[in-house]
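Position in the first sequence (first residue = 1) + 112 = the working numbering. Yeah, the Cβ is synthetic: ideal placement off N, Cα and C, and Gly gets one too. Please read the structure below before turning to the comments.
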Amino acid sequence: MKLKSHINQIIQDAFMKAGIAHEPTRVTESSKAEFGDFQFNGAMALSKVLGKNPREIAETLIKNLNFDTIIAKAEIAGPGFINLWLNPLWLASECEAAQHDVRLGVEKRMIPTKVVVDYSGPNMAKQMHVGHLRSSIIGDTLANLLDYLGDEVIRQNHIGDWGTQFGMLIAYLEETDKDSSVSLKDLEQFYKEAKARFDVDEAFASKAREYVVKIQSGDAHCLALWQQFITISLGHCEEVYDKLSVNLRREDVRAESFYNDALSSVVHDLDAQGLLQESDGAQCVFLDNDEIPIIVQKSDGGYLYATTDLAALRYRATALEAKRILYVVDARQAGHFKQVFALAKKAGFVSKEVSLEHVAFGTMMDKGGKPFKTRDGGTIKLIDLLDEAVTKAQDAVKDKSSYSKEELEALAKIIGIGAVKYADLSINRESDYVFNMDKMLSFEGNTSLYMQYAYARIQSIFRKYDGVIGGHIIIGDSLEHKLCVLLLGFEDVLNRAADDATPSQISTYLYDVATLFMRFYEQNPILKEGVVDEIKMSRLILADLSAKTIKQGLSLLGIDVVDAL
RNA sequence: GCGCUCAUAGCUCAGCUGGAUAGAGCAUCGGUUUGCGGUACCGAAGGUCUUAGGUUCGAAUCCUAAUGGGCGUACCA
């Protein structure tokens with residue numbers, strides 16, 4: 113249900129009938145209950161262009177307003193606000209329709225867009241650390257969301273599997289001559305040892321550098337070792353994805369190395385277009401007004417990440433035919449993407465109408481506001497963080513003795529992982545974010561647990577009721593009215609979150625649904641004695657639609673619900 | 001230095017394309033219970049929306065400047 117579009121259309125029709133040849137501003141949710149459900153503020157803006165008093169304009173509009181089905185009442189207030197009340201009968205029937213629909217009334221897009229979502233992108237030389245968390249879950253949510261809305265989503269995991277560090281790792285792998293599955297078990301440790309050798313042993317260092325060249329020139333022995341290394345490292349990532357319920361698979365991997373063969377042609381194309389300039393021995397592109405050039409080839413002939421990103425952009429826009437490309441990457445790379453996007457368009461690697469968006473996110477901080485690190489300043493392994501959340505989540509379970517060990521573990525996983533993901537997805541992605549595990553595992557406030565609890569409580573009502581839901585919604589008070597309006601706004605929220613690439617708009621909405629449901633439920637008993645059947649049914653339908661909306665919304669955020677916790 | 005970005009209640013955050021008296025949660029204080037899951041709900045208190053100008057009928061929101069923080073700043077990614 114595109115609720116706002118319906119109302120905007122009614123306003124638009126009133127404009128037509130009133131003979132006002134201007135595009136109306138869009139309606140907004142009313143700021144207060146006494147101002148109705150929606151408000152139209154456009155009369156004031158028109159007053160100057162039409163040379164009329166805004167209240168007069170508002171009156172004309174109301175005279176031409178269609179009151180047939182959706183709008184029940186319209187009032188002029190203040191300088192010329194038009195407050196709109198929606199028809200409760202219409203709200204009720206639309207909510208019933210949503211409750212019967214598996215998609216809750218959310219339509220698929222008429223014209224799907226082909227969207228590439230680039231996210232996660234771990235470095236194969238190391239284990240995933242907390243820095244990869246935000247990209248992985250924000251990206252996954254956006255991919256889920258766009259897919260749900262009917263876009264054609266192509267997930268791309270641009271893993272770091274190329275570069276000088278791999279020469280070092282392979283050299284060390286060969287030198288230690290251990291069974292790789294054992295020696296790579298702790299990648300972090302392996303990397304540290306290799307790095308230590310690299311730093312002190314010149315012979316080892318030169319061998320490492322030699323191996324880089326060998327890999328890049330296709331030496332079979334080195335490539336085999338390299339491939340083995342990548343496979344194992346990727347396996348570690350997949351363990352984390354599995355734990356996080358992030359939907360990235362092998363086939364989504366387009367590693368840095370994938371673009372290796374395209375790099376020289378990128379540079380060649382830039383050169384052919386006269387965009388290239390040599391500076392201090394490096395091949396550079398100087399864009400207008402940019403002091404810093406984009407270096408596409410180092411003075412030693414090597415390529416850089418800008419080159420790879422250009423190749424990836426070209427691949428995504430041409431081979432994959434994407435019309436929208438999202439890069440879910442740390443905000444600190446804003447400058448890089450701004451340059452690379454501009455160049456990709458200028459050089460024609462990506463056509464003008466393709467939308468290139470850097471979906472930037474802030475840094476994860478600890479409670480003291482410092483970048484998130486271990487006590488000794490090291491990076492925190494993502495898997496350790498997740499395990500800690502799951503362990504702590506067990507404490508939240510009410511009646512532990514009624515679960516088997518396996519059930520308790522499964523429950524703790526849903527709660528713990530949900531808490532970590534929700535905490536991240538519920539704040540504005542661009543701001544830095546304070547990681548506080550106690551807070552995210554609380555039942556109070558805007559947390560996943562509050563939402564999961566609200567959901568479980570509703571399921572408990574249905575267990576107790578244990579019957580068939582029929583009948584109709586009868587809106588009996590302002591809370592029920594408000595709940596219906598809110599529930600019908602689900603699709604609007606999803607669309608806006610998709611357009612702006614902001615998952616937090618979904619969580620804000622879900623929190624509103626959960627809190628409003630709790631208030632409704634507190635005030636309007638469902639199964640208590642004395643509630644007549646008609647009212648009982650009406651409230652059961654509302655409870656069901658609320659629960660389904662929470663479940664669907666959380667599912668888009670990659671978070672599960674349970675019937676009891 | 002230059003560039004980007006942020007600044008809203010004690011703390012953590014909402015605030016949609018400019019709209020009416022700026023909203024939540026936590027913490028603090030008070031209330032609701034023979035209980036449909038109280039891990040809930042209701043209420044109180046808490047604000048010069050960093051500052052100063054400007055645009056506008058109207059600014060937390062747009063523009064300019066200042067102050068303070070974060071980040072980036074050519075051959076790592």
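Once DSSP output is grouped into helix, strand and coil, what is the label at residue i?
{"i": "His-380", "result": "helix"}
{"i": "Phe-150", "result": "strand"}
{"i": "Ile-587", "result": "coil"}
{"i": "Gly-447", "result": "helix"}
{"i": "Gln-239", "result": "coil"}
{"i": "Tyr-415", "result": "strand"}
{"i": "Ile-671", "result": "coil"}
{"i": "Ala-130", "result": "helix"}
{"i": "Phe-179", "result": "coil"}
{"i": "Val-139", "result": "coil"}
{"i": "Asp-402", "result": "coil"}
{"i": "Val-228", "result": "strand"}
{"i": "Ala-394", "result": "strand"}
{"i": "Met-477", "result": "strand"}
{"i": "Gly-279", "result": "helix"}
{"i": "Gly-272", "result": "strand"}
{"i": "Phe-453", "result": "helix"}
{"i": "Pro-234", "result": "coil"}
Locate the beta strand (DSSP E) running through residue i, then write down its first and last residues.
{"i": "Ile-188", "result": "183-189"}
{"i": "Leu-388", "result": "388-391"}
{"i": "Phe-484", "result": "That residue, Phe-484, is in no beta strand (DSSP E); it is neither H nor E in DSSP."}
{"i": "Val-440", "result": "436-442"}
{"i": "Val-408", "result": "406-409"}
{"i": "Glu-264", "result": "264-268"}
{"i": "Glu-603", "result": "Glu-603 -> not in any beta strand (DSSP E); alpha helix (DSSP H) instead, spanning 602-612."}
{"i": "Glu-469", "result": "467-473"}
What residue range does the alpha helix (DSSP H) around residue i cover?
{"i": "Val-646", "result": "In the sequence as presented, Val is not what sits at residue 646; that position holds Glu. Where Glu-646 is concerned, the enclosing alpha helix (DSSP H) stretches over 645-668."}
{"i": "Gln-564", "result": "560-577"}
{"i": "Val-365", "result": "Neither: Val-365 is in no alpha helix (DSSP H) and is coded neither H nor E."}
{"i": "Met-630", "result": "616-635"}
Comparing alpha-carbon positions, which option in the options lies nearest residue i?
{"i": "Lys-640", "options": "Val-440, Gln-211 and Tyr-577", "result": "Tyr-577"}
{"i": "Tyr-417", "options": "Lys-457, Phe-370, Thr-430 and Ser-463", "result": "Phe-370"}
{"i": "Pro-234", "options": "Gly-582, Thr-559 and Asp-442", "result": "Asp-442"}
{"i": "Arg-428", "options": "Leu-553, Phe-461 and Val-397", "result": "Phe-461"}
{"i": "Glu-403", "options": "Ala-434, Gln-451, Lys-410 and Gly-393", "result": "Gln-451"}
{"i": "Cys-596", "options": "Ile-638, Glu-556 and Leu-654", "result": "Leu-654"}
{"i": "Asp-259", "options": "Ala-204, Val-229 and Arg-309", "result": "Val-229"}
{"i": "Val-502", "options": "Phe-484, Ile-492 and Ala-522", "result": "Ala-522"}
{"i": "Ala-157", "options": "Glu-368, Ser-205, Val-532 and Pro-166", "result": "Pro-166"}
{"i": "Asp-252", "options": "Asp-675, Arg-221, Leu-668 and Lys-648", "result": "Leu-668"}
{"i": "Asp-149", "options": "Ala-155, His-333 and His-593", "result": "His-593"}
{"i": "Ile-529", "options": "Gln-211, Lys-355, His-348 and Gly-192", "result": "Lys-355"}
{"i": "Thr-129", "options": "Glu-146, Lys-663 and Leu-173", "result": "In the sequence on display, residue 129 carries Lys and not Thr. Checking every option, the nearest Cα to that of Lys-129 belongs to Leu-173."}
{"i": "Asp-263", "options": "Ser-329, Trp-202, Ala-454 and Asn-607", "result": "Asn-607"}
{"i": "Phe-629", "options": "Ile-662, Gln-339 and Leu-337", "result": "Ile-662"}
{"i": "Ala-678", "options": "Asp-536, Val-673 and Leu-115", "result": "Outside the displayed range of the chain (113 to 677) lies residue 678, so it cannot be described from this structure."}
{"i": "Ala-563", "options": "Lys-435, Ala-613, Gly-665 and Glu-351", "result": "Looking at the sequence provided, one finds Met at residue 563 rather than Ala. Checking every option, the nearest Cα to that of Met-563 belongs to Gly-665."}
{"i": "Ser-376", "options": "Ala-566, Val-408, Asp-478 and Phe-398", "result": "Val-408"}
{"i": "Val-625", "options": "Lys-504, Ala-566 and Leu-497", "result": "Ala-566"}
{"i": "Gln-506", "options": "Thr-475, Leu-561 and Ala-472", "result": "Leu-561"}
{"i": "Ala-423", "options": "Asp-373, Ala-394, Lys-485 and Ile-406", "result": "Asp-373"}
{"i": "Val-379", "options": "Val-397, Asp-672 and Thr-140", "result": "Val-397"}
{"i": "Glu-300", "options": "Lys-660, Ile-492 and Ala-184", "result": "Ile-492"}
{"i": "Gln-571", "options": "Glu-219, Leu-203, Ser-658 and Asn-540", "result": "Ser-658"}
Would you please state the rounded distance, in angstroms, between the beta carbons of residue i and residue j? I believe it to be under 8 angstroms.
{"i": "Val-265", "j": "Val-227", "result": "5 angstroms"}
{"i": "Ser-247", "j": "Gly-670", "result": "Contact doesn't hold; Cβ gap of about 13 angstroms is too wide."}
{"i": "Ile-342", "j": "Met-236", "result": "5 angstroms"}
{"i": "Cys-349", "j": "Leu-599", "result": "At roughly 38 angstroms, the Cβ-Cβ gap does not stay under 8 angstroms, so Cys-349 and Leu-599 are not in contact."}
For this session: Tell me the start and end of each unbroken alpha helix (DSSP H) in the segment 189-225 that is at least 4 residues and wholly inside, in chain order.
Result: Listed in chain order, the alpha helix (DSSP H) elements of length 4 or more contained wholly in the segment 189-225 are 200-212.
Exercise. Curious, which full-length alpha helix (DSSP H) runs of at least 4 residues does the segment 288-349 contain?
Worked result: Secondary structure remark: continuous alpha helix (DSSP H) runs of at least 4 residues inside the segment 288-349, in chain order: 292-295, 299-312 and 314-328.
For this session: Tell me the start and end of each unbroken alpha helix (DSSP H) in the segment 482-554 that is at least 4 residues and wholly inside, in chain order.
Result: Listed in chain order, they are 494-505, 517-537 and 549-552.
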